[in-house]
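Shown next, in structure tokens, is the structure this report addresses.
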Amino acid sequence: MKLNRSFLILATILIFLFQNSLFGQRVSGELKKWHKLSLEFEGPNTSEAAEDNPFLNYRLNVAFKHTSTGKTYLIPGYYACDGNAGNTGATTGNIWKVHFAPDETGEWTYEVDFKKGKWAAVRTSAKLRSAAYMDGTKGAITIAESDKSGRDFRGKGRLQYVGERYLKFAGTGEYFLKCGSDAPENLLAYEQFDGTFHNDGHKDDLVKTWEAHRQDWKEGDPSWKGGKGKELVGAINYLASKGMNAFSFLTMNIAGDDQNVFPYVDYDTYDRFDTSKLDQWEILFEHADKLGMFLHFKTLEHENQGLLDNGGTGLYTKLYYRELIARFGHHLALNWNLAEETGDWTATPPTFPLDLEERIRLAEYVSSIDAYNHHIVIHNGEWFDGLYGPDSKFTGASLQTNKADFSNVHKSVLRILQDSKEAGKIWAVACDEPGDAQHSLITDEEDPEHNDARKNGLWGAM
Numbered sequence: 000m001k002l003n004r005s006f007l008i009l010a011t012i013l014i015f016l017f018q019n020s021l022f023g024q025r026v027s028g029e030l031k032k033w034h035k036l037s038l039e040f041e042g043p044n045t046s047e048a049a050e051d052n053p054f055l056n057y058r059l060n061v062a063f064k065h066t067s068t069g070k071t072y073l074i075p076g077y078y079a080c081d082g083n084a085g086n087t088g089a090t091t092g093n094i095w096k097v098h099f100a101p102d103e104t105g106e107w108t109y110e111v112d113f114k115k116g117k118w119a120a121v122r123t124s125a126k127l128r129s130a131a132y133m134d135g136t137k138g139a140i141t142i143a144e145s146d147k148s149g150r151d152f153r154g155k156g157r158l159q160y161v162g163e164r165y166l167k168f169a170g171t172g173e174y175f176l177k178c179g180s181d182a183p184e185n186l187l188a189y190e191q192f193d194g195t196f197h198n199d200g201h202k203d204d205l206v207k208t209w210e211a212h213r214q215d216w217k218e219g220d221p222s223w224k225g226g227k228g229k230e231l232v233g234a235i236n237y238l239a240s241k242g243m244n245a246f247s248f249l250t251m252n253i254a255g256d257d258q259n260v261f262p263y264v265d266y267d268t269y270d271r272f273d274t275s276k277l278d279q280w281e282i283l284f285e286h287a288d289k290l291g292m293f294l295h296f297k298t299l300e301h302e303n304q305g306l307l308d309n310g311g312t313g314l315y316t317k318l319y320y321r322e323l324i325a326r327f328g329h330h331l332a333l334n335w336n337l338a339e340e341t342g343d344w345t346a347t348p349p350t351f352p353l354d355l356e357e358r359i360r361l362a363e364y365v366s367s368i369d370a371y372n373h374h375i376v377i378h379n380g381e382w383f384d385g386l387y388g389p390d391s392k393f394t395g396a397s398l399q400t401n402k403a404d405f406s407n408v409h410k411s412v413l414r415i416l417q418d419s420k421e422a423g424k425i426w427a428v429a430c431d432e433p434g435d436a437q438h439s440l441i442t443d444e445e446d447p448e449h450n451d452a453r454k455n456g457l458w459g460a461m
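The sequence shown begins at 0 in numbering that gives the first Met the number 0 and counts up by one.
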């Protein structure tokens with residue numbers, strides 16, 4: 000009897016080890032509180048261009064549970080080609096990834112849910128079948144305390160909306176006052192990112208080199224493909240060196256002002272993602288975390304707010320936000336700006352406007368996918384009326400005003416604070432575009448004192 004029991008225990012251990020070996024399960028990253036860790040699995044061997052679309056017809060989720068507290072997070076994953084596409088340029092492979100930033104020390108267990116079926120990525124049906132491979136795989140990891148300090152967000156914790164006027168770091172309890180660059184919106188239209196945007200005939204002359212900031216890259220800073228990326232990494236270094244703590248960028252401006260930034264394999268395809276380009280974006284964003292730079296994700300703009308599903312929260316819209324959250328939701332300090340200059344406020348909108356109900360529905364979808372409950376904001380074209388309230392998933396405003404001297408920033412901020420408070424949930428408000436359409440913060444040479452910006456913009460927003 001003892002022999003049989005020992006045999007069963009040994010067999011169970013061998014099956015577990017075989018399962019983990021079979022599916023190539025690997026954990027990488029610093030196993031510390033607030034740090035990014037990655038689970039990597041060997042799944043179906045496919046490609047960005049496969050007829051059976053790996054981005055759409057598979058759904059990878061991993062449920063993480065903290066053993067002591069019972070706290071759980073359901074984190075979406077993504078298809079990663081060979082797992083190192085940012086450096087190899089791969090478009091094929093069998094690697095699937097999940098990123099997680101734990102907020103507790105000690106043991107976390109996890110369980111993999113990997114499903115297959117038509118439109119599986121954006122369906123919630125229980126009828127989806129197992130995709131086999133790593134589906135059902137379980138494991139555990141042990142997380143140590145963070146050893147980071149200074150500006151590095153990994154020493155501060157996740158930045159959270161806590162029902163107050165300002166966001167607060169979960170680790171240190173510090174409030175965060177955002178002060179950074181809101182331009183250029185086409186920051187990611189960078190010639191050294193992979194992709195087809197460089198010469199696809201859509202405003203190729205607006206692609207940037209960031210050459211002036213090559214000098215700001217430092218030894219030990221990241222790059223990709225044997226030294227690419229130094230100019231843009233240097234640009235973020237420059238902003239941090241000037242005391243800034245945030246920068247913003249569009250992640251999709253197809254049909255917009257620039258037309259060179261999008262996560263897809265090309266300008267006209269909305270259900271297949273460029274894995275190497277998105278890996279390279281992640282290299283930049285990960286560096287920004289270490290510098291203490293808040294990431295302002297501007298996900299749509301006025302011109303393309305209705306591009307994906309004619310203003311609805313349909314298949315392409317859901318897939319777009321799921322991929323963004325799967326790849327970048329682990330970052331500690333960010334907001335999801337659901338659209339710039341949103342709504343039906345121009346005579347001839349280029350795409351169908353997001354109406355009030357769809358803005359609410361989109362915020363609800365993003366909140367349902369983002370297990371970390373990051374700050375969700377939206378930009379005014381139409382005002383924010385109808386978006387306030389205790390049940391709203393919006394937690395703040397990305398404000399634009401229209402005076403060259405920034406003179407109506409303060410009254411606009413006060414209006415939003417008062418209206419949101421009266422509706423039952425005060426918002427965290429950032430004035431991201433305090434000037435008019437022609438004016439931002441002009442150069443020191445033109446305006447060495449910056450009195451309007453300091454008095455009306457900076458203090459006006461606080």
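All residues carry an ideal CB built from backbone N, CA and C; glycine is no exception.
- [ ] Quick one: grab the DSSP three-state call for His449.
- [x] Correct three-state label for His449: coil.
Task: For Thr91, the nearest candidate out of Phe196, Thr45 and Phe393 (CA to CA) - done: If you compare the alpha carbons of Phe196, Thr45 and Phe393 with that of Thr91, the shortest gap goes to Thr45.
- [ ] Under 8 Å by Cβ, that's how I've got Gly380 and Thr341 pegged, so tell me the actual separation to the nearest angstrom.
- [x] The pair is a contact, with the Cβ atoms about 5 Å apart (cut-off 8 Å).
Open item on the list: Let me check one thing: in DSSP terms, what residues is Trp95 bridge-paired to?
Closed with: Paired residues: Phe40 and Tyr78.
TODO: Return helix, strand or coil for Ser419, following the three-state DSSP convention.
DONE: In the structure shown, Ser419 sits in a helix (DSSP, three-state: H, G or I).
- [ ] Can you tell me which of the three DSSP states Ser247 falls into?
- [x] Here Ser247 sits in strand by DSSP.
Open item on the list: Distance check for Thr136 and Ala84, CA to CA, integer angstroms please.
Closed with: Here the alpha carbons of Thr136 and Ala84 stand approximately 25 Å from one another.
TODO: Let me know the alpha helix (DSSP H) ranges lying completely inside the stretch 153 to 240, each 4 residues or longer, listed in chain order.
DONE: Within the stretch 153 to 240, the complete alpha helix (DSSP H) runs of at least 4 residues are 229 to 240.
- [ ] Give me whichever residues DSSP pairs with Val376 in a beta bridge.
- [x] DSSP, once it has assigned bridges, lists Asn336 and Gly395 as partnering Val376.
Open item on the list: The beta strand (DSSP E) that contains Val428, what's its start and end?
Closed with: Looking at the DSSP string, the run of the beta strand (DSSP E) that includes Val428 is Ala427 to Glu432.
- [ ] Determine the direct distance from the alpha carbon of Asp199 to that of Phe175, and round the result to whole angstroms.
- [x] Between Phe175 and Asp199, the C-alpha separation is close to 40 Å.
TODO: Pull up the DSSP beta-bridge partners for Trp107, would you.
DONE: DSSP output for Trp107 lists His65 and Ile140 as bridge partner(s).
Task: Phe442 classed as buried or exposed, judged by whether at least 16 other C-beta atoms fall within 10 angstroms - done: The sequence given here places Thr at residue 442; Phe does not occur at that position. That one is exposed.
Open item on the list: For Lys289, report the span of its alpha helix (DSSP H) as first-last.
Closed with: Annotation: the continuous alpha helix (DSSP H) that includes Lys289 extends over Thr274 to Leu290.
Task: Opposing strand residues paired with Asp404 [DSSP bridges] - done: None; Asp404 has no bridge partner.
Task: Residues near Asp278 by beta carbon distance below 7 Å, same chain, minus five either side - done: Here the set comprises Ala84 and Gly85.
Open item on the list: Going by DSSP, what residue range makes up the beta strand (DSSP E) through Leu463?
Closed with: An answer regarding residue 463 cannot be provided, because it is not within the stretch 0 to 461 covered by the chain.
Task: Residue burial classification, Ala139 (beta-carbon count within 10 angstroms, cutoff 16) - done: Burial state of Ala139 is exposed, judged by a 10 Å Cβ sphere holding fewer than 16 other Cβ atoms.
TODO: Take Asp446 as the anchor and find which of Asp404, Val264 and Gln159 has the nearest alpha-carbon.
DONE: Ranking Asp404, Val264 and Gln159 by CA distance to the CA of Asp446 puts Asp404 first.
Open item on the list: Give me the residue from Phe246, Gly311, Gln304 and Ala325 with the minimum Cα distance to Gly291.
Closed with: Answer by Cα proximity: Phe246.
Open item on the list: Please state the DSSP three-state secondary structure of Lys32.
Closed with: Three-state DSSP puts Lys32 in coil, outside helix and strand.
- [ ] State the beta-bridge partners of Asp390 as determined by DSSP.
- [x] Its beta-bridge partners do not exist; DSSP assigns none.
- [ ] State buried or exposed for Ser129, treating a residue as buried only when at least 16 other CB atoms are found within 10 Å of its CB.
- [x] Around the beta carbon of Ser129, fewer than 16 other beta carbons sit within 10 angstroms, so the residue counts as exposed.
Task: Spatial distance of Val376 from His295 (CA atoms) - done: If you take the alpha carbons of Val376 and His295, they lie about 10 Å apart.
- [ ] Assign Lys126 to one of three DSSP states: helix, strand, or coil.
- [x] Residue state, collapsed to three classes: coil.
TODO: Determine the burial state of Lys317: buried for a count of at least 16 other Cβ atoms within 10 Å of its Cβ, exposed for fewer.
DONE: So Lys317 counts as buried.
Open item on the list: DSSP three-state label for Val260, please.
Closed with: If DSSP states are grouped into helix, strand and coil, Val260 belongs with coil.
Open item on the list: Applying the 10 Å Cβ sphere with the 16-neighbour rule, what's the burial state of Thr345?
Closed with: That one is exposed.
- [ ] Within the same chain, show all residues whose beta-carbon is closer than 8 Å to that of Glu190, passing over the 5 residues directly before and after it, in chain order.
- [x] Within the same chain, Glu190 has close Cβ partners His197, Val206, Lys207 and Thr208.
Task: Three-state class that DSSP yields for Trp458 in the structure shown - done: Trp458 carries a helical assignment under DSSP once its states are collapsed to helix, strand and coil.
Open item on the list: Using C-beta distances below 7 Å, list every residue in its chain close to Ser20, excluding the 5 sequence neighbours before and after it, in chain order.
Closed with: For Ser20, the pLDDT reaches just 43, beneath the cut-off of 50, and the residue's location in the model is therefore unreliable, although a value from the coordinates is still provided. Within its own chain, no residue has a Cβ closer than 7 Å to the Cβ of Ser20 once the five positions on either side in sequence are excluded.
Task: For Ser145, the nearest candidate out of Gly116, Gly105 and Thr123 (CA to CA) - done: It is Gly105 whose Cα lies nearest to the Cα of Ser145.
Task: Per-residue DSSP class, three states only, for Asn52 - done: Under the three-state reduction of DSSP, Asn52 is assigned to coil, being neither helix nor strand.
Task: Three-state class that DSSP yields for Asn483 in the structure shown - done: Residue 483 lies beyond the stretch modelled for the chain, which goes from 0 to 461, so this question has no answer here.
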